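Here is the structure we will look at, set down as structure tokens.
In UniProt numbering, the protein residues as written are 1 to 942.
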């Protein structure tokens, strides 16, 4: 992990030397020299990290050297931060005589601190040179000398995975169904060569499952040739091919192939292809890591069209996807054990010699907590229950293990297998992804992390590398997807379009990450009261601890601070807070008990991410304009309704999010408030998200200014009027990267004319229109990328379904709040081919809803409500065979009675739907409904 620290630092130095060279001034040469020395050290660090990860014997001197490298990287980072802060501090802008005088005064004030820092950097340079010299004593291989795979491996004697190959059937729990399904995939199906891939995180039992399938007598009898190949991270393709050939020959009791050990790769491939011409084969490649592994073996195992099968076990779903280039592929995503199977396995191991294999009552609660912690991971359940089987069966021992599980993984030999297996995935990551992955450990256990929040924090930390043609956010999204594909991060919530909304760490991975963060000085997580802390610290995460604890860390030069579940942050403490933590890059106050931001916030020169979301802050100080590196300002659900004009100085700002939704009010134009901004916002040319802007009082000049924001991906405006409408349309026409647009008029009767947008954003994916439309814009049905559309208070007289039903990618449609004044809506055959959610509410004039057979083929959720003229259940609902959930809201009594499963005259229309809700309003506000659930009698008990 020292390589990660050094590599990240080199990236930063390179950026400074090339992009912001003027800032470095008199230390430019020293910084360049340090970068060169670090690059020399970097080539040896991979080898040192690899040996440490594989737990090979390492000289104490080597460990000290690696630690020194990590520490010096930290000190370089801080020294540069200090220097840049001094350069920027009170930097005067005026020109002329007054400006010259101020600059001279500024230079005199800062020359001494700058000189001190420059001297410090020279000392660090000398230290780096000495460390580099010492690296040559330890015989490290540079990365240029290492193996081409650059892999890290565990020797077979120490490999905990070998136990998976020798488990008795009695020791295996919960994989009976997967075994049957995989056997059917191997012996049945297409005669073409097929790759069967078993995918899942480390410790799920992929090897165990694959071995049970491979050893099954039906599989053995079906194939002519069999081979089991353990691949792992370090392999030579020639060795794998020789192993396959040898197992084929031995299995068929044929004499070994002569001179096989002298054959090169090409000859081995040819021999295999010749041998398999008329033979049905099965080969299992266990524990494949590299995505391009398929390229190494695809030609040797030919497709002879008689049912050849290749099974791959892997942690990375991209390994399976890559095989699709040239073969049929079937993917089995192995899931964690369900609770009952996890409990069965735990009891079988923990109490195998006691209590007749059953958990005693007095240990049940603690045992449940331990099993819950394992998250259905068989490896962890077996290891932890095995350890507990050796301990006294009392509550003290059980509680002690539960409370210290994280540290036990690193030092208890019973649990070392879990630590090794789970850590392998981390060690295989490239250095920038290691930092991104560790960052997830700053969030509390079981925390469902907002992916957008996480990505912005990664960017603020500098973890995300620029790639030409992509935004940093797009690159960071790719990082997250890779961590998910590598089975390191779990998806906890998905958006309608399939993108990940929230993610989390498996509980045991979270424990291991906490330990790694501590060992590597990456982050200090405070879960209990500490008065002081010795050692390096770059980041802090505080959870359920008094604010007072921060006083002991004010001189630690912390980069990131995340706060969770604090009881109070009094003004007396906050008045000095920012001066004490002036090196912050990420400051996340989300949901903190905060109602005031002191003016000293402007002293945080390095701050890139500031979130006040869900706090009671009412006003931002003018000094916010000094945060010249700020990229994200999150004011969602705060009481800030006006921004100072100084916000327009934040030229690096990428995300400005500010609105307040009053959930105590019924949904209306007034229930959501935006924020007032000042003219001059057009200079924020890096802005990608801006919502919601309050356009009250007809500020045409401001709206015109917004047309300069050519990087905008998301825009939301409130209180739109006739005066600002035309200017907004002209500005939107210039925002050709816009993906999301939310427009709300000043009142329900104010007409908004969107027809005049000359060039609608062609990549628009989300569109929300809240206001009176005199005419439905004819450019909306042409939006090929539109995924979500909401129309409210629009008072349309023509059936909008006709215009919208051919949108090719629309997934969600809401027509509500008198958006349509007609009596009939008609969805025709083939209409809305991809729509999953349809919401029709508050349509007072609606008498009938016609749905043709063949319309809405993929609809999963349908909401109909608060339309008093709709007297009968639309009979076309019976055609919606894919519908999973149907909601009727505030319909009249006779309507509800017609749906009674026993006596209802219209129940036959909806009886195929798994869940039907009848909801009625019981109070004012956003969460105002009480539900009664109908379940189809055909599905009860299924």
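Ideal Cβ positions, reconstructed from N, Cα and C, are used throughout, including at glycine. Bear in mind the structure is a predicted one, so any value in this text is a computation, not a measurement.
Less than 8 angstroms divides the Cβ of residue 224 from the Cβ of residue 281. Cα atoms of residue 792 and residue 814: separation of roughly 8 angstroms, rounded to the nearest angstrom.
When DSSP states are grouped into helix, strand and coil, residue 543 belongs to the strand group. Annotated three-state conformation of residue 451 is helix, per DSSP. Here residue 704 is near residue 731, since their CB atoms are less than 8 angstroms apart. Rounded to whole angstroms, the separation of the alpha carbons of residue 632 and residue 585 is 11 angstroms. Rounded to the nearest angstrom, the gap between the Cα atoms of residue 218 and residue 201 is 28 angstroms.
779 is the residue among 779, 206 and 910 whose C-alpha sits nearest the C-alpha of residue 756.
Rounded to whole angstroms, residue 934 and residue 649 show a C-alpha spacing of 57 angstroms. Runs of the alpha helix (DSSP H) lying entirely within the region 648-731 and spanning at least 4 residues, in chain order: 700-706.
Under the DSSP assignment, residue 788 falls in the beta strand (DSSP E) whose first and last residues are 788-792. Contact between the region 404-422 and the region 452-459 is absent: fewer than 3 CB-CB pairs across the two stretches fall below 8 angstroms. Collapsing the DSSP output to three states places residue 351 in coil.
Taking 8 angstroms as the cut-off, the beta carbon of residue 795 is found closer than this to the beta carbon of residue 772.
For residue 460, the number of other beta carbons within 10 angstroms of its own is at least 16, and it is reported as buried.
Residue 128 and residue 557 have their alpha carbons spaced roughly 21 angstroms apart.
Across the structure, residue 525 and residue 588 are spaced so that their CA atoms are roughly 15 angstroms apart.
Counting only runs that start and end inside the UniProt domain "Disease resistance protein winged helix" (442-513), the alpha helix (DSSP H) elements of at least 4 residues fall at 451-461 and 472-485.
Take residue 248, set aside five residues on each side of it, and the residues of its chain with a beta-carbon closer than 7 angstroms to its own are 225, 227 and 275, in chain order. The region 707-716 makes contact with the region 686-697: 3 or more CB pairs, one atom from each, lie closer than 8 angstroms. When rounded, the separation of the alpha-carbon atoms in residue 759 and residue 523 is 48 angstroms. Between the alpha carbons of residue 349 and residue 398 lies a distance of about 15 angstroms.
Note on the region 262-296: whole beta strand (DSSP E) runs with a minimum of 3 residues are 281-288, in chain order. Within the same chain, 387 come within 8 angstroms of residue 412 by CB-CB distance, once the 5 residues on both sides are set aside.
The criterion of a C-beta distance shorter than 8 angstroms is satisfied by residue 237 and residue 296. The C-alpha of residue 88 is placed about 31 angstroms away from the C-alpha of residue 469.
From the listed residues 182, 193 and 475, the smallest Cα separation to residue 208 is found for 182. With at least 16 other beta carbons inside 10 angstroms of its own, residue 485 counts as buried. Per DSSP, reduced to three states, the secondary structure at residue 76 is helical.
Looking at the backbone, the Cα of residue 622 and that of residue 599 are separated by about 7 angstroms. Put simply, the region 330-339 does not touch the region 354-366. Fewer than three CB pairs are less than 8 angstroms apart. Around the CB of residue 37, 16 or more other CB atoms lie within 10 Å, so the residue is classed as buried. The count of Cβ pairs closer than 8 angstroms, one atom from the region 265-272 and one from the region 287-295, stays below three, leaving the stretches out of contact.
About 6 angstroms separates the beta carbon of residue 603 from that of residue 578, a gap short enough to meet the 8 angstroms contact definition. In this structure, the straight-line span from the alpha carbon of residue 777 to that of residue 843 is close to 20 angstroms.
Residue 725 counts as buried, since at least 16 other C-beta atoms from the protein chains shown sit within 10 angstroms of its C-beta.
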